[in-house]
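Line order of the protein sequences matches chains E, H, B and Y.
For the first sequence, the residue numbers in our numbering are 1 to 389.
For the second sequence, the residue numbers in our numbering are 1001 to 1389.
For the third sequence, the residue numbers in our numbering are 2001 to 2389.
For the fourth sequence, the residue numbers in our numbering are 3001 to 3389.
Below is one structure, written out as structure tokens, with a few remarks after it.
Number of protein chains: 4
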Amino acid sequence: MAVKEIRVGLIGYKFMGKAHSNAYRQAPFFFPDIKARPVMKAICGRDKAAVTQVAQQYGWESVETSYRKLVQRDDIDLVDITAPGNWHTKMALAAAEAGKAVYCEKPLANNLADARLMLQAVRKAGVINVVNFNYRRLPAIQLARQLIEDGFVGTPYHWRACYLQDWIIDPDFPLVWRLDKRIAGSGSLGDLAAHSIDLAMFLLGDIASLASLEQTFITERPRLAETTGGLTAAAAKGKVKVAVDDAALFVCRFANGTTVGTFEATRFAAGHKNFNTFEINGSKGSIRFNLERMNELEVYDRSDPEGHQGFKTILTTDPSHPYMEGYWPPAHNIGYEHSFINVIHDLMNAMAQGKGLDPDFEQGVKVQAVLETVTKAAKSKKWEKVPQA
Amino acid sequence: MAVKEIRVGLIGYKFMGKAHSNAYRQAPFFFPDIKARPVMKAICGRDKAAVTQVAQQYGWESVETSYRKLVQRDDIDLVDITAPGNWHTKMALAAAEAGKAVYCEKPLANNLADARLMLQAVRKAGVINVVNFNYRRLPAIQLARQLIEDGFVGTPYHWRACYLQDWIIDPDFPLVWRLDKRIAGSGSLGDLAAHSIDLAMFLLGDIASLASLEQTFITERPRLAETTGGLTAAAAKGKVKVAVDDAALFVCRFANGTTVGTFEATRFAAGHKNFNTFEINGSKGSIRFNLERMNELEVYDRSDPEGHQGFKTILTTDPSHPYMEGYWPPAHNIGYEHSFINVIHDLMNAMAQGKGLDPDFEQGVKVQAVLETVTKAAKSKKWEKVPQA
Amino acid sequence: MAVKEIRVGLIGYKFMGKAHSNAYRQAPFFFPDIKARPVMKAICGRDKAAVTQVAQQYGWESVETSYRKLVQRDDIDLVDITAPGNWHTKMALAAAEAGKAVYCEKPLANNLADARLMLQAVRKAGVINVVNFNYRRLPAIQLARQLIEDGFVGTPYHWRACYLQDWIIDPDFPLVWRLDKRIAGSGSLGDLAAHSIDLAMFLLGDIASLASLEQTFITERPRLAETTGGLTAAAAKGKVKVAVDDAALFVCRFANGTTVGTFEATRFAAGHKNFNTFEINGSKGSIRFNLERMNELEVYDRSDPEGHQGFKTILTTDPSHPYMEGYWPPAHNIGYEHSFINVIHDLMNAMAQGKGLDPDFEQGVKVQAVLETVTKAAKSKKWEKVPQA
Amino acid sequence: MAVKEIRVGLIGYKFMGKAHSNAYRQAPFFFPDIKARPVMKAICGRDKAAVTQVAQQYGWESVETSYRKLVQRDDIDLVDITAPGNWHTKMALAAAEAGKAVYCEKPLANNLADARLMLQAVRKAGVINVVNFNYRRLPAIQLARQLIEDGFVGTPYHWRACYLQDWIIDPDFPLVWRLDKRIAGSGSLGDLAAHSIDLAMFLLGDIASLASLEQTFITERPRLAETTGGLTAAAAKGKVKVAVDDAALFVCRFANGTTVGTFEATRFAAGHKNFNTFEINGSKGSIRFNLERMNELEVYDRSDPEGHQGFKTILTTDPSHPYMEGYWPPAHNIGYEHSFINVIHDLMNAMAQGKGLDPDFEQGVKVQAVLETVTKAAKSKKWEKVPQA
């Protein structure tokens, strides 16, 4: 049987565009048995010169400057959206309307209403839809999931997540698009906490209610000279107001009725660059993870003999670990980019069979519902329930 | 000049009684220049046989079975209270009334009203009063404090504390006194979170407001056969209700208006035995500590040259580190018990000069106010302000 | 100016063949400013079906089954040798004779005499020659080198390297080619210690003399059914003799007259998968590295203020760190494969200017001289001097 | 039955004298069931004023200034020798002749001949004899021993020990007694390597042969103004020659015929204060230890399920761990001094039954034989066999 081909149109060409491009290039390299090969048909961006250059660098066959045109091309099966959040909804709606499978960066949208629109659109169109919470597909996270399904942690009592970065501590760091509420929708919340929330739900199920705070430590920043994402930073000279959160913290209860959780997302934790960590403590054992040491998973087994118990650091690089057979021998580590390759591997295999892939837009909406509740609770200064998707 | 003597009467003889006894024995051993020598006059407990045995083991000159009698003895200068929380108030009041200096285990009381009574009593009596937040006096914590005073962290943005233990995960673990609300007042909150709160206040100042949750994972436990602390466990056969929190979590804002914090205290974190940790992230640097590695402090300095930044693990065992000149050469580690010895060292030196010592009962009341607010907010499901001491 | 092209012919297509192929694919992806683009002209292996399959998977334009034919093709500029060690000499000689640049896997040869032949051949032919000690080009190692050049460690007193793996502990693991002396030349020595030796020389200079031991813990192993590398495992049924070292250990003195070193290489260290570590201790500071956490470098600075000294963990993923600008944001880690990409990046840039690249064959010979001295000293049971290259 | 008393006479009152004094004070405090109580009869030193002061500080009943007088006192059962190494032999001989049990600091003597004299003397006198390799009695080390006896590591392949300190890197650090060959006998070798050697033998048995190097990095140092240990530093003004090793390294084979080992001892490893570490790798598992984190033991179990293997950090502070029932709750860490308390606990219990305790002088001689072989091999530049005790 001939290997299928999935013809991809990618919107966006910067950080995420590069990570996605790499994943399409590399998935068939590492996984020769992949059931559908991605064909890198077209990359889309408004700056034709820039996008043309990266098209060559990344290996795309053609270039588009209008996403509307891209989604309507007959030779595109899958539309991949990595543009900033304020673009997600219109792009996803257009792609769905054009009958294309949609693969969208997280968070799904800049607010819950938009996310729901997107879910409705893909449902109505009956197209495959995936939101890119890529960390789910790290070997360590897949192992964590497997352990939990196997009962390793027993009844989960605690979830504890920190996603800490420090790249905007300097008050003179300008208002880039990720700090612009009109473009990014939120700050650390949608950028960082969204990942932690998805991991929590992937491993422990839905979040029911929460109390929170949001904080903006630096309330004004220099305007960025160049325009970004189609929006010009405030015309006023000098500084502009920061309207997004620098940090978002919350305590919560899960829908299972037992687990309690803490979440912390911040861009103001000096020394932490991409410190995406969580820990689960249950009646039988514990699991913890730190993205800065992404080839490791730490586990604690209460059923170990008395006096011989302790946290064990598993290098998740054995051939028996998820995805690792495609890569290198044990402890010949993989990196950040491989999380994306793993997603594309799974997405191609699913699409080869006409299937979608988790996390889908419904999950994207659920995460959005939690994000929106965090902001709501921060304002109301009360515990708030997370609404249904 | 002759070294002064401070004659001590100790109430309680179990875990804390042992730790305090050891501190009186050892302070002059390690610190020969101590300005007042503790004289271990009397130890007090209701079980005469038991207390007589430990008196010999620990080195106390005499035994009392009534705290009222103890506090009135002419040959006692300092009354040290390590009985369970429900006894603190009456004992401290009696000691103050008798004009004795009072040194009381934490938390100061089982509720804020009682704590305030104690503060009033010592103020009225004009006696020295100290609450034993012993971890303040670890070399690593003293170093953290010094760093903060020297501006190392700059503006503090984040406080993040976990105090995790796991000794009651087994549902068949009985309702010992620390799980008995009438005796202990609360569960993980007063036992564990109290330490974290005091450290936070010691390092960053007062806490202004918070949102919280409290959780009791195992709601019924076997009654304990023997009575403890003067109270008999429920007469009913079989299981008794657990009325204290197994875990307490909160997010907060500090009084400085900038710092936001998370606190988590639990006895249900499998794998963590005495995992008393915190981290501070500020505009200039970060500091973190873990009691399970109590001879270490980790620091991150944003002013290190670009590309050479990272968390640095300081072994706080050099002679230049607080208290360490009294002990052993570098990296010949000290242990848990030395935190108590350090307190007694400082207390003796202070009393030799007729002075009190921080943290005093006022600080004990402040911590109690935070604890009470945690419980209040857990019930109200709203952000609550911490009342004044 | 048009970007140059370097047309590559690769010999070997398994583990190393895959790693090298990936590097050619990815170097221009991550480093668009690369001064010469590798063109993946031909891949060579004796099993036509197998090599044809990977040619497609890896992206090679054509296939050869004879290395002699490959090296003579007019459309090849660079011959890349990743075949087992017993093939290196004849392949390199043929490539040099054909006037091709030669890039050879480590160790350069299976013995010193062969390595010297290779050096003579490339010198005579005047062709660019490189031996692939890829770990040199990890950001952490480059940072270590820079620190040493800047005087960070001062006078180096100690070198301490362990390269520990555990993949052949099982006595029933068969005699694969890496355990076959006729193919691999040696065991842990050439495979693992060679890397440590090259790193030591890269950072501290030549090794002068040493005392050693070699040990084969499992002296007989099952023969491997299939033939490998052109040689058939012993015809005798059942087990075959293991003629290579399972572990090689030595203490040494460096040519600088001051530094003393220990090296340990083994495939019998349970729990260590690719634990390639070293530490340098000098008069001013220390540096340590562990390949299992390859995005980190630990440093200790004696000039830090008293009481504030400690080992600092630098995440070597800032844009300011070598090569990292081509990859991802800070702490979005790179992996094992990126060490190869970095080599190709540097090799292409060098060849674009007609230059060679360190480590060259001369360094390959020097490492071989140390390896040979380890074996000699293990037999003589005496300290032995390392011969000149 | 009345608890026995063992009346102790201690020679030496500085670092080790303090550590031993503390152990006698504290053993009955932590272990009330101890079968014999140490009575702190007399402490001996030549400086009467100094020793009188510490006698009071440490709790000794009386003072002697002549060791000859001390060993002959009728009220002394056990002579404890903590004077520098050049005094051990004459003191032990005198004590043995006087029929006293002898407990001697390590290394047993400054050379093998002296050590053998001591062994002969205690054998002839039939007195209890113990050499103080205190680290054996840390809970983590006892656990390691138990694991090995239980077959946890299987066939041991590798031993790897580093004992690293850094207190004499400064070339202006003076020639204190530990650097004076006449007093200390050797440098890092007897001070540090002796501990590693004893641990290796405790866990894996005798060492058969070795190759080594010794290095003195700083060959001249300022003379120390004050005289120490009864010897005056060189009369010449200015600097004096350093005659001891700053570092000693060796590779070895164990008597079991299988295990190979590396040892490294140095006082020139910047950043390491008391980094006494070892690792054992065997056919079934691995064990590693680091004195700087002395409440932890790391273990790796090859029989863990595939994909779930990893190094596990055991906190050796559970009541089930050796000695810990006497101390504090889990993870309420013990420190350096408790290793000495554990020795005294075991020694008192043994002597209560008229028994001796391992490690005895025979083991002390065996360690000395290894030390002497290290020096011999460093000079001969050949592998040397370790002589019989």
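Idealized CB from N, CA, C, for every residue including glycine.
Please read all numbers here as calculations on a predicted model, not as lab measurements.
The beta carbon of K3284(Y) does not come within 8 Å of any beta carbon belonging to chain E, so the residue lies off that interface. The shortest CA-to-CA distance from I1280(H) to any of D166(E), T82(E), V79(E) is the one to D166(E). The Cβ of L1315(H) sits closer than 8 Å to at least one Cβ of chain B.
For D1245(H), there is no enclosing alpha helix (DSSP H), since its DSSP letter is neither H nor E.
Beta-bridge analysis with DSSP links G1009(H) to A1042(H), V1079(H).
For L1078(H) and V1008(H), the gap between their C-alpha atoms comes out near 5 Å. Using a C-beta cut-off of 8 Å, the region 378-387 of chain E makes contact with the region 199-210 of chain E, since at least three inter-stretch Cβ pairs fall below that distance. Under the three-state reduction of DSSP output, Y2300(B) falls in the strand class. By the CB criterion at 8 Å, A83(E) and V63(E) fall outside the cutoff. Considered as a whole, the region 3178-3203 of chain Y harbours 3181-3184 as its complete alpha helix (DSSP H) runs of no fewer than 4 residues, in chain order.
In the DSSP assignment, P3028(Y) falls outside any beta strand (DSSP E) and lies within the alpha helix (DSSP H) extending over 3015-3030. Per DSSP, the unbroken alpha helix (DSSP H) holding P1139(H) starts and ends at 1139-1149. In the three-state reduction of the DSSP assignment, Q3368(Y) falls in the helix class, which pools H, G and I. Under the Cβ distance rule, Q215(E) counts among the residues neighbouring chain H, one pair being separated by less than 8 Å.
The C-beta separation of G2307(B) from S1339(H) comes to about 19 Å, leaving the pair out of contact by the 8 Å criterion. Interface annotation, K3100(Y): not in contact with chain E, CB-CB separation never under 8 Å. Under the three-state reduction of DSSP output, N3333(Y) falls in the coil class, being neither helix nor strand. Any Cβ of chain E closer than 8 Å to the Cβ of Y2336(B) would place that residue at the interface, and such an atom is present. Residues of the same chain with a CB within less than 6 Å of the CB of F3311(Y), apart from the 5 flanking positions on each side, are E3298, Y3300 in chain order. By the 16-neighbour rule on beta-carbons within 10 angstroms, S1303(H) is exposed. S3212(Y) reaches chain B at A2211, V2251, counting residues in chain order whose Cβ is nearer than 8 Å. Under a 10 Å Cβ-count criterion, K2355(B) is classified as exposed, with fewer than 16 other Cβ atoms of the shown protein chains found around its own Cβ. A3211(Y) is the residue among A3247(Y), A3211(Y), D3172(Y) whose C-alpha sits nearest the C-alpha of V3260(Y). When the Cα atoms are used, E1214(H) and G364(E) turn out to be separated by approximately 30 Å. Sixteen is the threshold: since fewer than 16 other Cβ atoms of the shown chains lie within 10 Å of the Cβ of K1124(H), the residue is exposed.
The continuous stretches of beta strand (DSSP E) do not include G2085(B), which lies in the alpha helix (DSSP H) extending over residues 2085-2097. With 16 or more other Cβ atoms inside 10 Å of its own Cβ, T1317(H) counts as buried.
Contact check for A270(E) against G1282(H) passes: the beta carbons are separated by less than 8 Å. Contact annotation: in the region 1305-1330 of chain H, residues whose CB is within less than 7 Å of a CB in chain B are E1306, G1307, H1308, Q1309, G1310, F1311, K1312, T1313, I1314, L1315, D1318, S1320, H1321. Approximately 4 Å separates the beta-carbon atoms of A2265(B) and A2193(B); this is inside 8 Å, confirming the contact. Secondary-structure assignment with DSSP links N129(E) through a beta bridge to V102(E). The contact set of Y103(E) on chain B, defined by CB atoms closer than 8 Å, is empty, because the minimum CB distance reaches about 20 Å. Between V1039(H) and the set G1045(H), I1169(H), K1376(H), H1020(H), the nearest pair of CA atoms involves H1020(H). Under the Cβ distance rule, M1040(H) does not count among the residues neighbouring chain Y, no pair being separated by less than 8 Å. Here R2160(B) is bridged, per DSSP, to T2262(B), E2279(B). A Cβ of chain E is located within less than 8 Å of the beta carbon of F2029(B).
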